[in-house]
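Chemist: The structure follows.
In the numbering used here, the protein residues as written are 1 to 343.
So this is what it looks like as structure tokens:
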């Protein structure tokens, strides 16, 4: 097997529903931006990407469209995704004077062949000479510090913005996996629906996300914390303030959290007994933004009966994983060699 060599100017990309992260070999993560793009509808040119574009969501005039082109772990808008990806990669290449890099791209396991080709073409248009794709659960496991090359079963649960991906990994490959469209965004939506139904107040995605972060918990909170939110009264259509408690948010999150735990139990149910035995010994690892939900690790451990750990810097696991592949290609050769594309 040919061992791949990567130079100091090669890059890794986490193409996530919520955020895009780019890592440069030898420097670590050099860009973290929301997966949002604003496009001029008349000229089809980019107006803004990342944080600047996120501020425009719901606030743009008619001729400008601000959107999240990645939805539920899939590419909802191929053109917008390509434009956004090219813009962000070029930012890094210009800043660090990188020319014709090799690139490793972390992609969702549910990506289609058409979406895969669009991503590869976008990266080539930035000047890359070789592109390698790696499944996000694999990159995430590597970023979490799991030894994916050993002949033992390890489980990673990557709770991103659009999807939760549960994977059992052994000998550098994914043995069993489950992908569900219940993750960070679905939890936000559940909070929005709950407050609309029980508090008669309409709030936006950004407010729901803040409530999830500040008040959210997978288990009933010991102390009930209160936050005041602003929204629109469902009945009158007028502005409305409401005091929301952490117990309410926990109730709002119960269904999506339950779905995530069900995905874990379903994956274990279709995993070979020997690998399940390894997982019982090694534990379950949580990655992605959803791993930071308070008490989620404790609840999973209780429901599944396996010790559960939160990876260090869970939001960065996929990007860190691509960086580790760049740093040690001999160890991870099997992970990426099968999905190489050369211009």
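Beta carbons are placed, not taken as given, at the ideal position from N, Cα and C, and that holds for glycine.
For residue 236, does the three-state DSSP call read helix, strand or coil?
Modeler: In the structure shown, residue 236 sits in coil (DSSP, three-state: anything other than H, G, I, E or B).
Chemist: Compute the Euclidean distance between the alpha carbons of residue 44 and residue 318, then round it to the nearest angstrom.
Modeler: Each residue's alpha carbon lies about 31 angstroms from the other.
Chemist: Where do the ends of the beta strand (DSSP E) carrying residue 323 lie?
Modeler: Per DSSP, residue 323 belongs to no beta strand (DSSP E); it is in the alpha helix (DSSP H), 317-327.
Chemist: Note down the Cα distance separating residue 91 from residue 233, rounded to an integer number of angstroms.
Modeler: For residue 91 and residue 233, the distance between alpha carbons rounds to 42 angstroms.
Chemist: Can you list, in chain order, the residues of its chain with a C-beta nearer than 7 angstroms to that of residue 294? Leave out the 5 residues immediately preceding and following it.
Modeler: Cβ within range, chain order: 216, 217 and 218.
Chemist: Express the C-alpha separation of residue 204 and residue 261 in angstroms, rounding to a whole number.
Modeler: Taking the straight line from one Cα to the other gives about 26 angstroms.
Chemist: So within the segment 145-214, which uninterrupted beta strand (DSSP E) runs reach at least 3 residues, ignoring any that extend past its ends?
Modeler: 154-159, 164-170 and 173-180, all fully within the segment 145-214.
Chemist: Counting contacts by CB-CB distance shorter than 8 angstroms, is residue 49 in contact with chain D?
Modeler: Considering every chain present, this structure includes no chain D. It has just one protein chain.
Chemist: Quick one: what's residue 71 bridged to in DSSP?
Modeler: Partner(s): 74.
Chemist: With which residues is residue 309 paired in a DSSP beta bridge?
Modeler: The partner list for residue 309 (beta bridge, DSSP) reads 285.
Chemist: Mind reading off the beta-carbon distance from residue 88 to residue 31? Whole number of angstroms is fine, and I expect it under 8 angstroms.
Modeler: Sure, about 6 angstroms apart at Cβ, within 8 angstroms.
Chemist: When you compare the segment 160-169 with the segment 104-123, are there three or more beta-carbon pairs, one atom per stretch, that lie closer than 8 angstroms?
Modeler: At 8 angstroms Cβ cutoff, the stretches touch.
Chemist: On a Cα-Cα basis, can you pick out the residue from 55, 206 and 182 that is closest to residue 72?
Modeler: With distances taken between Cα atoms, residue 72 lies closest to 182.
Chemist: With a Cβ-Cβ cutoff of 8 angstroms, do residue 207 and residue 225 count as a contact?
Modeler: Going by C-beta atoms, residue 207 is not nearer than 8 angstroms to residue 225.
Chemist: Rounding to the nearest angstrom, what Cα-Cα distance links residue 97 and residue 313 in this structure?
Modeler: Straight-line Cα distance between these residues: approximately 28 angstroms.
Chemist: Out of 191, 47, 283 and 290, state which residue places its alpha-carbon closest to the alpha-carbon of residue 302.
Modeler: Ranking the options by Cα distance to residue 302, first place goes to 283.
Chemist: Can you tell me which of 180, 227, 151 and 296 puts its alpha carbon nearest to the alpha carbon of residue 267?
Modeler: The shortest Cα separation from residue 267 among 180, 227, 151 and 296 belongs to 180.
Chemist: For the beta strand (DSSP E) holding residue 375, just list the boundary residues, first then last.
Modeler: As displayed, the chain neither begins before 1 nor continues past 343, which places residue 375 out of reach and without an answer.
Chemist: Name, in chain order, the residues that DSSP records as bridge partners for residue 227.
Modeler: Bridge partners of residue 227: 244.
Chemist: Does the Cβ of residue 188 have 16 or more other Cβ atoms within 10 Å, making it buried, or fewer, making it exposed?
Modeler: By the 10 Å Cβ count, residue 188 comes out buried.
Chemist: Please name the residue in 64, 144 and 157 whose C-alpha comes closest to that of residue 48.
Modeler: Checking every option, the nearest Cα to that of residue 48 belongs to 64.
Chemist: So, under 8 angstroms CB-CB, residue 57 and residue 42 are touching, yes? Tell me the CB distance rounded to an integer number of Å.
Modeler: With 8 angstroms as the limit, residue 57 and residue 42 do not qualify as a contact, their Cβ atoms being about 20 angstroms apart.
Chemist: For residue 12 and residue 306, which I take to be in contact (beta-carbon distance under 8 angstroms), what is that distance rounded to the nearest angstrom?
Modeler: The Cβ separation is near 30 angstroms, so there is no contact.
Chemist: Following the continuous beta strand (DSSP E) through residue 332, name the residue where it begins and the one where it ends.
Modeler: No beta strand (DSSP E) holds residue 332; DSSP gives it neither H nor E.
Chemist: Check whether the Cβ atoms of residue 332 and residue 311 sit closer than 8 angstroms, and answer yes or no.
Modeler: No; because the gap between Cβ atoms is not below 8 angstroms, this pair is not in contact.
Chemist: Return the CA-CA distance between residue 299 and residue 196, expressed in angstroms with no decimal places.
Modeler: Distance between the alpha carbons of residue 299 and residue 196 is about 27 angstroms.
Chemist: Would the beta-carbon of residue 139 fall within 8 angstroms of that of residue 123?
Modeler: Contact flag unset, no.
Chemist: Go ahead and label residue 277 buried or exposed: buried means 16 or more other beta carbons lie within 10 angstroms of its beta carbon, across all protein chains shown.
Modeler: Residue 277 should be labelled exposed.
Chemist: May I have a chain-ordered list of the beta strand (DSSP E) segments no shorter than 3 residues that lie completely inside the segment 20-51?
Modeler: Segments of the beta strand (DSSP E) lying fully in the segment 20-51: 28-34, 37-40 and 46-49.
Chemist: Could you spell out where the alpha helix (DSSP H) holding residue 121 opens and where it closes?
Modeler: Where residue 121 is concerned, the enclosing alpha helix (DSSP H) stretches over 113-125.
Chemist: Have a look at residue 289 and residue 247 and give me their C-alpha separation to the nearest angstrom.
Modeler: Spanning the two alpha carbons is a distance of roughly 21 angstroms.
Chemist: Just tell me which of 23, 38 and 67 has its CA closest to the CA of residue 17.
Modeler: Looking at the Cα atoms, 67 is the closest of the given residues.
Chemist: Apply the 10 Å Cβ neighbour rule to residue 101 and answer buried if 16 or more other Cβ atoms are within range, or exposed otherwise.
Modeler: That one is buried.
Chemist: Which stretch, first to last residue, makes up the beta strand (DSSP E) that contains residue 57?
Modeler: Unbroken run through residue 57: none, as it is neither H nor E.
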